[in-house]
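There are 2 protein chains.
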Amino acid sequence: MLRNEVSKKLGIDIETIRFYEKENLISKPERLENGYRSYSKENLVELKFIQHCRSLGVSIEEVRTLKDIQNLSTDCSQANLIIEKNLDLIEQKIEDLKNLRVQLKSLSESCFKTGAAKDCGIVKSLAQAAQGEDCVCHS
Amino acid sequence: MLRNEVSKKLGIDIETIRFYEKENLISKPERLENGYRSYSKENLVELKFIQHCRSLGVSIEEVRTLKDIQNLSTDCSQANLIIEKNLDLIEQKIEDLKNLRVQLKSLSESCFKTGAAKDCGIVKSLAQAAQGEDCVCHS
DNA sequence: CTTTGACCCTGTATCTACTACAGAGCTTAG
DNA sequence: CTAAGCTCTGTAGTAGATACAGGGTCAAAG
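Structure representation (structure tokens):
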């Protein structure tokens with residue numbers, strides 16, 4: 026399979042596939058006589074593995090580790106650690122974003138939409154915060 | 026005020042302050058005879074403004090726009106747009122992360138912790154997904 | 001007076017995970 | 001024959017910092 030086909034079939038950008046190859050995340054595809062890459066079924070599996078991991082927010086380095094775990098067939102504690110770590114990270118991010126949402130909402134509601142920037146609660150509040158005063162969002 | 030003092034007072038990394046200066050987000054601080062930067066009160070206000078905006082997830086480019094809005098005193102619709110846009114973005118991110126959390130949780134629970142990687146539900150599931158089969162996380 | 005340590009300066013490289021060229025060659029259809 | 005549309009390689013750019021290297025300055029201690 027040529028790059029373009031693979032890209033369309035898996036929904037991974039052509040350049041991204043090349044990037045994964047450069048990063049040694051997949052085994053080097055065979056080359057045709059003209060030098061074009063020919064992706065094997067194994068290459069596709071490797072790419073799907075990365076795609077799936079990335080869709081779970083697993084970093085490239087962690088993907089590398091997970092691959093090693095699979096290949097070396099050692100114990101799975103490290104795999105578990107990676108998943109747990111990402112889970113914790115996500116919990117934290119959700120909390121942070123929820124806080125942010127509250128803050129942005131109060132900012133958004135402070136806009137009186139009168140038109141003039143000097144009367145806008147958003148602009149005012151941001152300026153106040155910079156002066157060290159209380160603001161609607163971080164009260 | 027010297028860089029280090031400012032950094033400690035505001036809790037912004039020294040290099041980050043320099044970065045903001047390079048990006049023209051603050052007015053250039055005066056220089057002492059020896060070439061050292063001397064940060065004015067106005068500089069501090071500018072830095073706090075950026076810090077506050079960044080803490081709300083507002084991008085550097087958007088900070089630039091917000092500064093312009095303040096200075097030009099035009100209408101505030103653009104400020105409102107920026108806040109709304111970020112609010113939408115955050116709503117979306119929270120949704121995405123919640124989905125991710127569910128997926129990672131099922132992966133995490135599939136680890137039987139028997140020790141061997143080949144028996145680990147995480148490793149198995151990730152491998153299965155790569156083969157195109159169903160996985161615990163994206164069922 | 002010299003040395004030490006803590007600052008400051010500039011410029012550049014690094015990080016993550018891609019994305020986007022430029023400039024060239026190959027292949028296929030008209 | 002030519003043009004479109006693919007492929008190749010190498011390199012640069014993105015956001016928002018962060019981390020040096022290699023030098024200068026300053027204040028206090030010995």
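Listed in order, the protein sequences are those of chains B and S.
First residue of the first sequence? That's 26 in the working numbering, and the numbers climb one at a time after it.
First residue of the second sequence? That's 26 in the working numbering, and the numbers climb one at a time after it.
Ideal Cβ positions, reconstructed from N, Cα and C, are used throughout, including at glycine.
Asked, Found
"Check the Cβ-Cβ distances between residue 52 (chain B) and every residue of chain S, and say whether any is below 9 angstroms.", "no"
"Which residues in the same chain have their Cβ closer than 6 angstroms to the Cβ of residue 87 (chain S), if we skip the five residues on either side of it in sequence?", "107"
"Within a Cβ cutoff of 6 angstroms, which residues of the same chain sit near residue 26 (chain S), ignoring the five residues on either side of it in sequence?", "64"
"According to a CB-to-CB cut-off of less than 9 angstroms, which residues of the region 60–74 of chain S neighbour chain B?", "69, 70, 71, 72, 73, 74"
"Report the three-state DSSP secondary structure of residue 55 (chain B) (helix, strand or coil).", "strand"
"So, helix, strand or coil for residue 84 (chain B), using DSSP?", "coil"
"Which bits of chain S does residue 148 (chain B) rub up against, with CB to CB less than 7 angstroms?", "94, 95, 101, 104"
"Taking the alpha-carbon positions, what's the residue 157 (chain B) to residue 109 (chain S) distance?", "24 angstroms"
"Quick one: Cα of residue 103 (chain B) to Cα of residue 44 (chain S), how far?", "37 angstroms"
"Which residues does DSSP list as the beta-bridge partners of residue 63 (chain B)?", "B:55"
"Can you have a look at residue 85 (chain S) and say buried or exposed, based on whether 16 or more other CB atoms are within 10 angstroms of its CB?", "exposed"
"Using three-state DSSP, classify residue 109 (chain S) as helix, strand or coil.", "helix"
"Taking only three categories from DSSP, how would you classify residue 127 (chain S)?", "helix"
"Alpha helix (DSSP H) containing residue 29 (chain S): first to last residue?", "28–35"
"What first and last residue would you give for the alpha helix (DSSP H) that runs through residue 50 (chain S)?", "Here residue 50 (chain S) belongs to no alpha helix (DSSP H), and DSSP marks it neither H nor E."
"Cβ of residue 145 (chain S) within 9 angstroms of Cβ of residue 154 (chain S)?", "no"
"For residue 126 (chain S) and residue 125 (chain B), which I take to be in contact (beta-carbon distance under 8 angstroms), what is that distance rounded to the nearest angstrom?", "The Cβ separation is near 17 angstroms, so there is no contact."
"Whole-angstrom Cβ separation of residue 81 (chain B) and residue 35 (chain B), contact assumed at under 8 angstroms?", "Contact flag wrong, Cβ pair sits at about 16 angstroms."
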